[in-house]
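A short write-up of the structure that comes next.
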Amino acid sequence: MPRLVSHPDEVKIVSRRFGQGATNIDRYIELGGYEAAKKALAQGPDWIINEMKASNLRGRGGAGFSTGMKWSFVPKQSAKPKSVLVNGDESEPGTCKDHLIFLHDPHSVIEGTIIAGLAIGAKTGFIYLRGEYRYLLEIVEKAVAAAYAHGFLGKRIFGSDTEFQIITQTGAGAYEVGEESALMESLEGKRGIPRIKPPFPAVVGLYGGPTIINNAETIATVPHIISMGAAPYAEIGTPRNGGTRLFCLSGHVERPGVYELPMGYNLKKMIYEVGGGIAGGRALKAVVPGGSSTPVLLPEEIDIGMDFDQVGKAGSMLGSGGVVVIDDHTCMVEFALRTIAFYQHESCGWCIPCREGTDWLKKSLSRFHAGFGRAADIDNIRRIAENILGRTFCPLGDAAAMPTIAFVKKFRKEFEDHLNGRPCPFAKEGVPQLAVV
Amino acid sequence: MTTRLGILRDSEQKMPDVTFTVDGKKLTAPAGTLLIDACRKAGIEIPAFCYYPGLSLQAACRMCVVRQEKVPKLQTACTTMVAEGQSFITESEEIAAARKGTIELLLGNHPLDCPVCDAGGECELQDMNFKYGAGESLYTEAKRHRDEQQWSPAVFYDRPRCILCYRCTRICGEGMDVWALGIENRNASSVIAPNLGNRLDCEQCGMCIDICPVGALTSGAYRYKTRPWEMNHVSTVCTHCGDGCKVTLGIRTSTEGAEIIRGDNRDKSGINNDFLCAKGRFGFDFVDHPDRLTKPLVRNSAGTLEPATWEHALRIAATKLKEIRDTRSGAAIGVIGSNRTTNEENYLLQKFARTVLGTNNIDHERTTDYAAFARALAGHPGKTATLREIGRAPAILLIGGDPTNEHPLLAWQIRTNVRLNRARLYIANSKPIKLDRQAKATQEIPAGGYKNLAEFLDSGQSDFSKAVLAEESLIVIFGEEFRSAAVDELVAWGLKRGNIRFAYLGDHSNSRGAADMGLFPDLLPGYVPVTAPGAFAEYPNLPSTHGRTLPQMFEAAANGELGALFVVGANPISRLELDPEALRDTLVIVQDLFLTETAALADVVLPAASLYEKSGTVTNSFGDVQLARKAADRPGVRPDFEILVRLAGAMGVDVKTLVPFAHGSVTGDLGQSRGAQAGEADRHSVWLEANGLEPKLSPFDSLALLDEIQRLVPGYAPSESFDRFSLFAGNDVPSELGNSPGFVPISTLRGPDLIAPNHDGLFTSATLGRYCRGLTELEQHQETVKEAVAAAD
Amino acid sequence: MKPGVASIFSPTLAARFDVLVEKYPVKRSALIPMLLYAQDEAGYLSEAVIAEIARRLSLTELEVRNVASYYSMLRFKPAGRYNIQVCTNICCMLKGAYDVLDRFREELHIDPNGTTPDGLFSLEEVECIGACCWGPAIQVNYDFHDEIKPDHVPGIVGGYRGKAQAEGKK
Ligand SMILES: Cc1cc2nc3c(=O)[nH]c(=O)nc-3n(C[C@H](O)[C@H](O)[C@H](O)COP(=O)(O)O)c2cc1C
Ligand code: SF4
Ligand code: FES
């Protein structure tokens, strides 16, 4: 069982019920559950969407798009059924927060899905979990069954005339399927190849009907916003970045774990105070602030507030909230290689720049790290990444290119140290190096 | 079906025009047009690998990137729909760099084996590389390797060369509705995969090979044979089925003559647009089959056929024919023509039979009842549908048949029309057919129940008939299930309804031409009855009574009434299962490519050129006339046209009476001898002049007879639609069946028993098919995989 | 599925599939879960598994293979009864995942993608499994094990060996 952590600076909203036995529906109700759904049902769609807009909630899946805005794009009338799709594919390295939500508070996702359905007039919600989360799928499926048994789901939810069904779905191992349109393809039983946009999912989505897709954490936040009110929620964060967020602090910190902190919380403080500093008293070398696709920050760049705008200004991205802390004993070439190896493996293979570019990058970096690099390779690696950047079919290409460019730019010296047949300066006896592909 | 269809081009929904700017030029196109199409139409070429007109959008290759004003990222022109006021840049340093970058990435894993690659010289990646120049190779890693795979006798796949543009999977699935190709794995391990794991179970059309922009899919028939620039490329008409696809033959000249080494349809200029089936693509190898006749054969006194010179063989044939004609009259000679020779040859053959041999005993192996069709439509021009019209008709009623197998191009036209224009297809058939998948409604017809169809439709009882009757305009396609009176009834029903046009399907590449050119004992070219007063008045000595039908000729032979049988490009002994004994006492002369069952009985066999070795016109089932061009050359053989002219010459005929060539041609010279014409002007010369044409200079120029055909044959006259320039430019032009005279009686000479359809499938082609080794191999492959699939189930 | 055609799956799984194909608005949506559940039972996606799933969903086998080969958890060859999946992605790597992987190699005498001769274990190096804060993390079939140190490896292997014995097989 993943270890739960806590820190006094935390503001527990989404994680409020973690460790409280809330997988049990009665316990969940006891802890105030399903009140928000009833309230939303009473207030109606326009009210819900206005609240969501006012809350300044921005998507927790990575792109940080305003949730209220996204919901408002769904046409009121539609010939084809509308859907809510909960993205529980959580696959971005550094991210494990949805894991905890499904494990400890599955009903919050169900309740959020119901509210989202009410907001856009959908009768069906889909909760898609990555295939590796089988044990969590079982928990979610049990929770869904309980919600049906309580009449919170079904033809007449909460005794009203409104119908809402939830269908769960499992993936089978594919990062790209977290991209919203690839997710719909996967849910439709296809290869996880993203769709051409436009049309956007809000207009033509799952099974051809209007669809909103939100990250599981985003959806789990919704009932809390409805319960506590948009203004108090927005108040917690920074301007245009409402509320709290689950930060996944991992890597070389003393106390890794998932912490719920207000948007805009200082990154340095997060590492040194919440996380207890660098493990083993070592020095900090770098921080990946928002999951593996976000450009790396140097120690001198981390005195920033963790919200979408401030991290953006610092040249990186808040992404999925995975803060990866890297100490000074780490080889950044190896780190870059491992990052790229992931994107190479997960590229769906559809478009040329991503498919070929990540493959080439992985090959180059592994040769380089194995000690067979040439001086020209350093610029070439960057050049390949630049040839990917902005030219791919979906953002996965960028997700591979951006961190690569940052690694080369910020750790050029370390790349140079690998040249001329020199062994990796960080290799200790017996540490396996990735084989040359 | 795939959901990645992008925009459906809905022909009924006309979008308003919008104006936008491309590279500073103002362009106008209907709103929603894809930028790449709008640009290409305006002559602005945007590079693309994955974009392919008519197939679903992919946006996968990223070559078509352009800059759109006020949009932060480069956009793909293949998915951008134009709207009012937009502004685009399609060539700039930034764009060239993006394209170059993408090519450079592609070339990382792409093998640089262009010198030995079949596609070298006609490779879109090479061309693109030339243009955007990723010259220096920065790639030092080992390339991904994967062994080449053979999926079928026709298709080989070389993954390292594959750039994953997904054209092949789409042409196979969306285009052919076969869905035999897919994509397996992901990332750089993605591969195109055939449906049986390592083998292909499909229609073996080979379209995937043509559409592949690089050398990843190569043709079993062509691989490693030559370099594209070592070939001459001749576009001509396929010799196999009645659809008449245009095919481009790759020709290599050698001491042996000019040899065909490839068939394809890369230029897409024909009636068939993208399409070509296995027969068109691979079915040319009969030309150099070892059994091909290359020397005339004459039966010696010992009763065996032995090689002879042309002079000798022709002299024997001419002497005997003349002798029989002069001693026993023309009625003792029978002539059988061909479904595969050109219009000019068929016209010449009947003219030779009628005016030289003096007989109306002329027929061909009828595969459908075009005579009945002509009779039914007489006096109603504009009621037949061309193949192109079928490709854009809003509604089609298909009765009987199985176009997918027997008329592959027709099936393609229908499918494409349904897919891209949402045409409504109605199918009435006694059995399920593959095209049912495109049908809006199907109606099962009891076998033999076709003749009641019009009545059934008119009754409006079923949803099917209601839907069909509700159509504002309709093309009705039918085949040999309708013969004689049934054709009349169906056509009469359509004429009464007024909004209906027809297509009537025949089997071979010139079955329609054989009928149109009068290979009938009672009908002259253009379905003019031989008994009609004044018919073909300028023919000297035209016998005015009906001749014998093909079966009647055999009966007559058996009764000793037929002194000679002259067979051109037909094999009735095998095709109609006739008793060879019947010909025991008959002199038989055969012109053919092979020693067929019929040729084997002959006294004189004359080796003929195939359609790929001569020029002339052919008419497909739909009445579309096309020019076949001489591509290959085979020493020893002669075009049927030339053989006929020489034979006539050897019989002492002034060939100008047959072929109006040279100045002051035939009719002028013969004016006196043809009473009615005496003193009149040379009509042919007058006609040539009026049409701006020069007289032909050689009696062997078959096009001299095209001129006569156009002058004399109803339905083939020059007109706005039957435009000679267009024809000679390689286009299809429609003939007009409704112009035939219309007083053809339902003669006893035409009964259903005279029609012997061939029902050739995807890999067969009557007698000729036996000599197409490539097709036989494909058929065997398909049988083996079908067995394997059946065993697995 | 056509009545009368025998299923290669256990009655429980076959019944589950009957429900699954009705669960979604479109039958095909059941494809990926069916592949995964079939693999859980059959060990891998054999030709027969693919054929039956294709039949149940009215898809071609090609379509099924196209989809199945896309997803990294699905395999076309048998794995060990316990498939040990070691995440070596960045967060786990920083915490010593490669040491853990090495230790599994030594303990099982197999390389990644190998299977022990008794068929009990197979070893795989996998991408991030969503346990980044608790790395190095591994999954044995669907069970997560967090914060693994190389020294834990013999215990984990032993545990599964014992479990197999207790279940009376091998
Ligand atoms: C390659 C790629 C992978 C993604 N993976 C995930 C994921 O695992 N989970 C997720 O919630 N969003 C993921 N996203 C973001 C989704 O596309 C989408 O923006 C998000 O689910 C929207 O939800 P939100 O607005 O609540 O953030 C991914 C995006 C890309 C481009
Ligand atoms: S960038 Fe291209 S290849 Fe990469 S995942 Fe997206 S669509 Fe697939
Ligand atoms: S043609 Fe547009 S991406 Fe390939």
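Chains as they are written, first to last, in our numbering: chain A, 120 to 556; chain B, 55 to 847; chain C, 39 to 208.
Note that CB positions come from ideal geometry on N, CA and C, so glycine has one too.
None of the values given here were measured: they were computed from a predicted structure.
Chain C residues whose Cβ lies nearer than 7 Å to that of residue i
i, result
"Gly424 of chain A", "Residues of chain C passing the Cβ test: none, with the nearest at roughly 21 Å."
"Arg602 of chain B", "Per Cβ cutoff of 7 Å: no residues; Arg602 of chain B is ~54 Å from chain C at best."
Separation of residue j from residue i, as counted between CA atoms
i, j, result
"Asp155 of chain B", "Cys222 of chain B", "One point to set straight first is that residue 155 of chain B is Gly, not Asp, in the sequence displayed. Going by the C-alpha atoms only, they are around 24 Å apart."
"Ala137 of chain B", "Asp208 of chain A", "36 Å"
"Asp328 of chain B", "Glu379 of chain A", "60 Å"
"Pro381 of chain A", "Pro317 of chain A", "34 Å"
"Thr640 of chain B", "His366 of chain B", "20 Å"
"Asp755 of chain B", "Gly552 of chain B", "42 Å"
"Met111 of chain C", "Thr272 of chain B", "34 Å"
"Leu724 of chain B", "Ala428 of chain B", "Caution is warranted here: a pLDDT of 45 is assigned to Leu724 of chain B, below 50, making its placement in the model unreliable, and no coordinate value can be reported."
"Phe534 of chain A", "Arg493 of chain A", "10 Å"
"Asp422 of chain A", "Gly376 of chain A", "20 Å"
"Val839 of chain B", "Leu250 of chain B", "8 Å"
"Gly118 of chain C", "Gly240 of chain A", "47 Å"
"Asp64 of chain B", "Leu474 of chain B", "Its pLDDT being 43, under 50, Asp64 of chain B is placed unreliably by the model, and the measurement read from it follows with that caveat. One C-alpha to the other measures close to 7 Å."
"Lys65 of chain C", "Phe103 of chain B", "34 Å"
"Ile499 of chain B", "Glu534 of chain B", "15 Å"
"Ala385 of chain B", "Pro753 of chain B", "27 Å"
"Phe184 of chain B", "Gly334 of chain B", "32 Å"
"Val621 of chain B", "Leu829 of chain B", "26 Å"
Residue range of the beta strand (DSSP E) that includes residue i
i, result
"Val372 of chain A", "Premise fails: Val372 of chain A is in no beta strand (DSSP E) and is neither H nor E."
"Glu238 of chain B", "235–238"
"Ser383 of chain B", "From DSSP, Ser383 of chain B is part of no beta strand (DSSP E); its letter is neither H nor E."
"Val407 of chain A", "403–407"
"Asn286 of chain B", "286–291"
"Leu681 of chain B", "678–682"
"Asn483 of chain B", "478–483"
"Leu271 of chain B", "271–273"
"Val622 of chain B", "618–622"
"Glu453 of chain A", "That residue, Glu453 of chain A, is in no beta strand (DSSP E); its alpha helix (DSSP H) goes 451–465."
"His126 of chain A", "Unbroken run through His126 of chain A: none, as it is neither H nor E."
Beta-carbon neighbours of residue i, restricted to chain C and to distances below 8 Å
i, result
"Gly311 of chain A", "Tyr108, Tyr109"
Inter-residue CB distance, residue i and residue j (contact presumed, cutoff 8 Å)
i, j, result
"Ala504 of chain A", "Ala518 of chain A", "11 Å between Cβ atoms; not a contact."
"Pro772 of chain B", "Pro795 of chain B", "Incorrect: roughly 19 Å between the Cβ atoms, too far for contact."
"Ile70 of chain C", "Gly476 of chain A", "Incorrect: roughly 28 Å between the Cβ atoms, too far for contact."
"Ala569 of chain B", "Ile378 of chain B", "About 27 Å; that fails the 8 Å criterion."
"Pro69 of chain A", "Pro418 of chain A", "Outside the displayed range of chain A (120 to 556) lies residue 69 of chain A, so it cannot be described from this structure."
Closer than 9 Å at the beta carbon, the chain B residues around residue i
i, result
"Leu220 of chain C", "The structure shown has nothing for residue 220 of chain C, since chain C only spans 39 to 208."
Closer than 7 Å at the beta carbon, the chain A residues around residue i
i, result
"Leu192 of chain B", "Asn499"
Span of the alpha helix (DSSP H), counted from its first residue to its last, around residue i
i, result
"Val341 of chain A", "335–347"
"Glu360 of chain B", "Premise fails: Glu360 of chain B lies in the beta strand (DSSP E), 359–361, not in any alpha helix (DSSP H)."
"Lys840 of chain B", "827–846"
Residues that residue i contacts on chain A, provided the C-beta gap is smaller than 8 Å
i, result
"Arg224 of chain B", "Here the premise fails: no neighbours, minimum Cβ distance about 13 Å."
Practice task
Would you list, in sequence order, the uninterrupted beta strand (DSSP E) runs of no fewer than 3 residues that lie entirely inside the region 84–159 of chain C?
Solution key: 120–125
Handout entry: Start-end ranges of the beta strand (DSSP E) lying completely within the region 168–223 of chain B, minimum 3 residues
Key = 209–211
Practice task
Mind listing, in chain order, the continuous alpha helix (DSSP H) runs of no fewer than 4 residues lying wholly within the region 121–171 of chain B?
Solution key: As far as the region 121–171 of chain B is concerned, its whole alpha helix (DSSP H) runs of at least 4 residues are 147–163.
Problem - Complete alpha helix (DSSP H) runs within the region 747–793 of chain B (minimum length 4 residues, chain order) - result: 757–766, 778–782
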